[in-house]
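Notes to accompany the following structure.
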Amino acid sequence: MDGGHGADVAPNEDDTEPLPVVKWRRKLAMKFQYHLDRAAPHVLRRWLLTLAVATLYVSRVLYVQGFYVVSYGLATYVLNLLIGFLSPKVDPELEVLDGALSPTRRSSDEYKPFIRRVPEFKFWYSVTKAFLVSFMMTFISVLDVPVFWPILSSYWIFLFVLTTKRQVVHMFKHKYNPFRTGKPKYYRRELSASSSDMTSN
Numbered sequence: 214m215d216g217g218h219g220a221d222v223a224p225n226e227d228d229t230e231p232l233p234v235v236k237w238r239r240k241l242a243m244k245f246q247y248h249l250d251r252a253a254p255h256v257l258r259r260w261l262l263t264l265a266v267a268t269l270y271v272s273r274v275l276y277v278q279g280f281y282v283v284s285y286g287l288a289t290y291v292l293n294l295l296i297g298f299l300s301p302k303v304d305p306e307l308e309v310l311d312g313a314l315s316p317t318r319r320s321s322d323e324y325k326p327f328i329r330r331v332p333e334f335k336f337w338y339s340v341t342k343a344f345l346v347s348f349m350m351t352f353i354s355v356l357d358v359p360v361f362w363p364i365l366s367s368y369w370i371f372l373f374v375l376t377t378k379r380q381v382v383h384m385f386k387h388k389y390n391p392f393r394t395g396k397p398k399y400y401r402r403e404l405s406a407s408s409s410d411m412t413s414n
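Position one of the sequence shown corresponds to residue 214 (this note's numbering), numbered consecutively onward.
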């Protein structure tokens with residue numbers, strides 16, 4: 214019989230200390246997330262930074278006169294994010310099919326704020342990251358595929374007009390405004406109510 218039962222016990226994986234590279238990546242991710250959280254309230258500054266990054270990318274593409282396929286993919290990705298930013302989180306047409314209520318008003322006509330499918334901060338972060346990644350891709354010569362760029366531009370403009378038109382029709386059909394951030398104020402109704410009270414007294 215073997216009397217040393219506890220001599221060859223395997224170490225627990227939870228007790229092993231992570232590698233220095235893993236610890237460094239975790240620390241870097243925590244710092245990055247910390248700065249992202251601090252930048253959340255500063256909407257104007259964030260978008261000015263994105264504008265600067267986009268200007269840098271456009272200048273790079275104009276300078277090298279290439280990477281049109283990368284630019285087309287970037288523009289299509291940003292357009293997809295924009296549609297998600299302007300769309301409600303829950304599609305009203307799906308709610309109608311499910312027998313649910315409208316995404317902006319309840320049965321008692323009580324106001325409900327517009328909830329985006331892609332929040333503003335996520336929209337900003339994704340757009341900025343896309344421009345940064347595309348800018349770095351312009352330094353990889355293999356990605357500079359020779360194409361006739363007017364065809365790509367014409368196709369993207371057609372896609373933009375078609376997608377935007379469909380989104381505007383969807384907005385008017387279901388009566389929601391993605392640009393409204395606060396509760397609407399009904400001044401005329403309040404004034405008419407106060408005037409009726411004065412006349413009754």
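Yeah, the Cβ is synthetic: ideal placement off N, Cα and C, and Gly gets one too.
task: Let me know the secondary structure DSSP gives Arg-330 once reduced to three states.
output: In the sequence shown, the residue the question calls residue 330 occupies position 117. In the structure shown, Arg-330 sits in coil (DSSP, three-state: anything other than H, G, I, E or B).
_Determine whether the beta carbon atoms of Phe-352 and Val-266 lie at a separation below 8 Å._
Taking the first residue of the sequence shown as 1, we reach residue 352 at position 139. Taking the first residue of the sequence shown as 1, we reach residue 266 at position 53. No, the pair does not count as a contact, with Cβ atoms beyond the cut-off.
Hey, His-387 and Pro-332: beta-carbon distance below 8 Å or not?
In the sequence shown, counting from the first residue as 1, residue 387 sits at position 174. In the sequence shown, counting from the first residue as 1, residue 332 sits at position 119. Going by C-beta atoms, His-387 is not nearer than 8 Å to Pro-332.
message = Less than 8 Å between the C-beta atoms of Phe-334 and Ala-242, yes or no?
response = The sequence position of residue 334 within the sequence shown is 121, counting from 1. The sequence position of residue 242 within the sequence shown is 29, counting from 1. Cβ distance not < 8 Å, so Phe-334 and Ala-242 don't count as in contact.
Under three-state DSSP, which class holds Ser-321? The residue given as residue 321 occupies position 108 in the sequence shown. Residue placement at Ser-321 is poorly supported in this model, since its pLDDT is 45, which falls under 50; the coordinates still yield a value, given next. Correct three-state label for Ser-321: coil.
Pro-359 in three-state terms, based on DSSP = Here the question's residue 359 lines up with position 146 in the sequence shown. Pro-359: coil per DSSP, three-state reduction.
- Message: If you follow the alpha helix (DSSP H) that Gly-286 is in, where does it begin and where does it stop?
- Response: Looking up residue 286 in the sequence shown gives position 73. Here the alpha helix (DSSP H) through Gly-286 covers 281 to 299.
Delimiting residues of the alpha helix (DSSP H) encompassing Pro-254: Sequence index remark: in the sequence shown, residue 254 carries index 41 (1-based). Note, Pro-254: premise wrong, no alpha helix (DSSP H); not H, not E.
Cβ neighbours of Lys-302 in the same chain (closer than 7 Å, five flanking residues each side left out) = For the purposes of this step, residue 302 is identified with residue 89 of the sequence shown, where counting begins at 1. Ile-328, Arg-329, Arg-330, listed in sequence order.
Item to check | Sequence-distant residues of its chain with Cβ nearer than 8 Å to Met-384 (five each side left out) | outcome: Position 171 of the sequence shown, counted from the start, is the residue given in the question as residue 384. Correct list, in chain order: Leu-299, Asn-390, Pro-391.
Count the other C-beta atoms from every protein chain shown that fall within 10 angstroms of the C-beta of Val-283, then say buried if there are 16 or more, exposed otherwise. Within the sequence shown, residue 283 is the residue found at index 70, counting from 1. The residue is buried, with at least 16 neighbouring Cβ atoms inside 10 Å.
Self-check item: Proximal residues to Gly-279 (C-beta, below 7 Å), its chain only, five neighbours per side dropped
Solution: Taking the first residue of the sequence shown as 1, we reach residue 279 at position 66. Taken in chain order, the residues that qualify are Asp-357.
Could you compute how far the alpha carbon of Leu-294 sits from the alpha carbon of Tyr-276? Residue 294 sits at position 81 when you count from the first residue of the sequence shown. Residue 276 sits at position 63 when you count from the first residue of the sequence shown. Between Leu-294 and Tyr-276, the C-alpha separation is close to 27 Å.
query = According to DSSP, is Ile-364 helix, strand or coil?
reply = Start at 1 with the first residue of the sequence shown, and residue 364 comes out as number 151. Note: Ile-364 maps to helix in three-state DSSP.
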